[in-house]
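Heads up, the thing below is written out as structure tokens.
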Amino acid sequence: MKVQFIWPNFDCPIGLNIGLAYLSGALKAAGHDTRILHICEWLDYPFDLDRIESDVKAYDPDLIAVGTGFPHYPEMAQTAKRLKDTLGRPIVFGGIHTTLNTRSVMEQNPWIDFGNVGEGDDSLMDLVRALETGGDTTSIPNVWARRDGAIVTNPSRRLKDISKLPWMDLDGWAFKRITENRRGWVNVYMNRGCPYRCTYCHNNGVAKILQESFKTKTSSTADLGYIRLRSIDDMIGELKDIMDHWDGVTAFSFNDDTFTMDQEHIKAFLARYKADVGLPFVCNTTVLDVDREMLEIMKDANCDLVRFGVETATPRIKREVLKRDFSMRKTEEVFKICRQIGLRSFAFNILANPTETREEMKETLRLNSKLLPNGLKISLGYPFPGTEYHDIAKSLDLIDEKKHLHNFISETKLKYSDEDRLWIDKVRCVYWWWMNVYLENEASPLYAELVKLVEAMSSEEWLHPETERRMWDLDDALSSVVKARGITHYTIPFKDRPEIGILFVGTDRTLTREVLDPH
């Protein structure tokens, strides 16, 4: 069988879809042929329906498999319709948006034949086998189908031992070019699942789907078996294989939601990693899943930076909106330990959450100034359909359904007054100026004047096409002066990624885009 994968990666940072890479690897290992269409302007392949149609026709697949999240869902729905009209081949949709909204995806798009719910490692293989042999395609666990015009639902299957998966298919991507663009950094996963149930995260929605299908009392890991870790041999083997087969690999980014959720397993893994791999790495985790010993072991194994979800400083938003009430004391303690042992830290933050006020957003920026992460990222609240975060916002009539965004960096779909929306846009553009005020050092009065200047600007002044560039040019000039005097402050290193800020303290090594970028 020939399977055409399509993955949209436009109007956002370049990367590759790890889940899709594993699916392609499994199909190839089973003797099938696959092709990956990576829609990304960084690879000179912007979204272009005519070009997509032409390229898919040339490959002439037996099955078209589209993986997409909500930001690119409308374009992928258009793509599926065009390909169904012109090729008439079976189409399966997968990815987190389809998983959390399977019925609506299939109802809205009658040209989509199948919807994959959850992980597709076994279900896609079963679907391909059924199509190849003329078998039943309507009773495959994890796959919704159509029969006589009606949507057929199927239960979720038990979760797979991820150490038994064939390794990623990297040949199907422009991997060398992607890696060069990322200066040698390669994204990998050590585990699947997460122990937490934050409202804005897909893990919460997926766990609820599994709970309903398995009929368990809770969505806990104990009931679902949701958290799975790769064996140390399997993970080390794949990392070494990547290093052996691809030139220019300089570091690994573990993009697991919570890399250190099983500390004993990770300690054993890092001992092997240090001996057999040794390259710098970065990872995501939470302040609840590390202590001084764990952080010191990570640093000793060549961890270059650890990324934590801080998200908000406001207890009300933590409890009522995000449902992520991590201890502030623990958060401050962990960032302090990182500074003490020389392990660089990074903080994820979400501003403009449902019902969040200006003062609450300022508190989050103030907290970051206190934590002093070496890098941080500011995202704007994005109510992804199928998440509890979306349900909360919808119940309060706070979602602008007319607004379609490809990312959660430049704008928010949440409703705000014109005045508040203007203020949020100003903060989004130069949030680090507020943080530099809160640092309360000798440069703070200068940044306070800039904040006053920005806040006083009218809508017409602020929305002028040149304003953003002028603000950043002004920041460059001031930052150069402040750096020359050795004063601690935040700035943005990459003008195409203004949501990522770094801390300048006078003596640190330069943080590269790849260390900071979670993609």
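With our numbering, the residue at position 142 of the sequence shown is 1548, and numbering never jumps.
Backbone N, C-alpha and C fix where the C-beta goes; we use that ideal spot for every residue, glycine too.
Residues near residue i by beta carbon distance below 6 Å, same chain, minus five either side
i, result
"Pro1561", "Pro1547, Ser1619"
"Leu1530", "Leu1429"
"Lys1783", "Phe1754, Glu1905, Ile1906"
"Cys1744", "Ser1751"
"His1925", "Low per-residue confidence applies at His1925: pLDDT is 47, beneath 50, and the placement is therefore not dependable, though the value from the model is reported in the following sentence. Taken in chain order, the residues that qualify are Pro1419, Gly1421."
"Arg1678", "Ile1638, Ile1642"
"Gly1912", "Gly1892"
"Ala1551", "Phe1520, Thr1543, Thr1544, Val1558"
Minimum C-alpha distance to residue i - residue among the options
i, options, result
"His1895", "Glu1846, His1870, Val1857", "Glu1846"
"Thr1440", "Ile1898, Leu1426, Thr1793", "Leu1426"
"Val1716", "Arg1903, Asp1639, Phe1900, Val1740", "Val1740"
"Arg1891", "Glu1738, Phe1910, His1444, Ser1801", "Phe1910"
"Ala1719", "Asp1695, Thr1763, Ala1681, Ile1442", "Thr1763"
"Ala1628", "Leu1645, Leu1616, Asp1639", "Leu1616"
"Ala1849", "Asp1640, Tyr1822, Ser1886, Leu1828", "Ser1886"
"Cys1446", "Gly1437, Ile1470, Phe1416", "Phe1416"
"Ala1556", "Asn1780, Asp1527, Ile1518", "Ile1518"
"Glu1769", "Leu1757, Val1693, His1796, Lys1680", "Leu1757"
"Gly1578", "Glu1513, Asp1706, His1438", "His1438"
"Asp1710", "Pro1686, Asp1542, Pro1467, Tyr1788", "Pro1686"
"Tyr1795", "Glu1726, Pro1779, Met1734, Glu1670", "Glu1726"
"Ala1707", "Arg1903, Lys1680, Arg1509, Glu1670", "Lys1680"
"Pro1779", "Ile1584, Ser1569, Lys1742, Arg1583", "Lys1742"
Same chain, Cβ closer than 8 Å to residue i, five either side skipped, listed in chain order
i, result
"Asn1515", "Ala1483, Ala1486, Lys1487, Phe1499"
"Gly1526", "Gly1425, Leu1429, Gly1500, Asn1548"
"Lys1724", "Glu1717, Thr1718, Arg1730, Asp1731, Phe1732"
"Lys1966", "Lying before the first or after the last residue shown, residue 1966 is absent from the chain, which here runs from 1407 to 1925."
"Glu1538", "Met1407, Asp1468"
"Thr1585", "Trp1591, Val1592, Trp1652, Gly1654, Val1655"
"Thr1793", "Leu1506, Thr1605, Tyr1606, Cys1607, His1608, Asn1610, Gly1611"
Cβ pair residue i, residue j closer than 9 Å
i, j, result
"His1503", "Phe1790", "yes"
"Leu1749", "Leu1701", "yes"
"Asp1663", "Asn1609", "yes"
"Cys1689", "Arg1722", "no"
"Leu1931", "Ile1412", "For residue 1931 there is no data in the structure shown, the boundaries of the chain being 1407 and 1925."
"Leu1469", "Val1534", "yes"
"Asn1597", "Asp1647", "no"
"Leu1786", "Ser1816", "yes"
"Tyr1853", "Leu1884", "yes"
"Leu1676", "Phe1658", "no"
"Ala1471", "Ile1497", "yes"
"Leu1828", "Pro1760", "no"
"Ser1625", "Lys1614", "yes"
"Met1878", "Lys1901", "Here residue 1878 turns out to be Trp, not Met, going by the sequence shown. In contact: Trp1878 and Lys1901 (Cβ atoms closer than 9 Å)."
"Gly1631", "Arg1564", "yes"
"Ile1747", "Lys1705", "yes"
"Pro1480", "Lys1408", "no"
"Arg1634", "Lys1566", "yes"
"Phe1453", "Pro1414", "yes"
"His1651", "Leu1773", "no"
"Val1693", "Lys1623", "no"
"Cys1835", "Glu1874", "yes"
"Ile1458", "Leu1493", "no"
Assumed close pair residue i, residue j - CB separation to whole angstroms, cut-off 8 Å
i, j, result
"Gly1540", "Val1612", "At roughly 32 Å, the Cβ-Cβ gap does not stay under 8 Å, so Gly1540 and Val1612 are not in contact."
"Trp1448", "Ile1420", "4 Å"
"Gly1684", "Gly1590", "No, Gly1684 and Gly1590 are not in contact; Cβ-Cβ is about 14 Å, not under 8 Å."
"Tyr1595", "Asn1661", "6 Å"
"Asp1640", "Ser1569", "4 Å"
Beta-carbon contacts of residue i that lie in its chain and below 7 Å, excluding the five residues immediately before and after
i, result
"Leu1771", "Tyr1837, Trp1840, Met1841, Tyr1844"
"Lys1889", "Phe1910"
"Gly1501", "Gly1473, Thr1474, Gly1475"
"Trp1573", "Gly1431, Glu1644, Asp1647"
"Asp1528", "Arg1563, Lys1566"
Below-9 Å beta-carbon distance, residue i vs any chain B residue
i, result
"Gly1425", "Of the protein chains in the structure, only one exists, and it is not chain B."
Distance cut-off 8 Å: residue i Cβ against heavy atoms of the ligand SAH
i, result
"Ala1580", "With respect to small molecules bound, the structure shown includes none, and the ligand SAH cannot be examined in it."
Quick one: any contact between the stretch 1452-1463 and the stretch 1422-1436, if contact means 3 or more CB pairs under 8 Å? no
Between the stretch 1856-1863 and the stretch 1806-1819, do at least 3 Cβ pairs fall closer than 8 Å? no
Using 8 Å as the cut-off, can you tell me whether the stretch 1713-1730 makes contact with the stretch 1594-1604, which would need three or more C-beta pairs spanning the two stretches below that distance? yes
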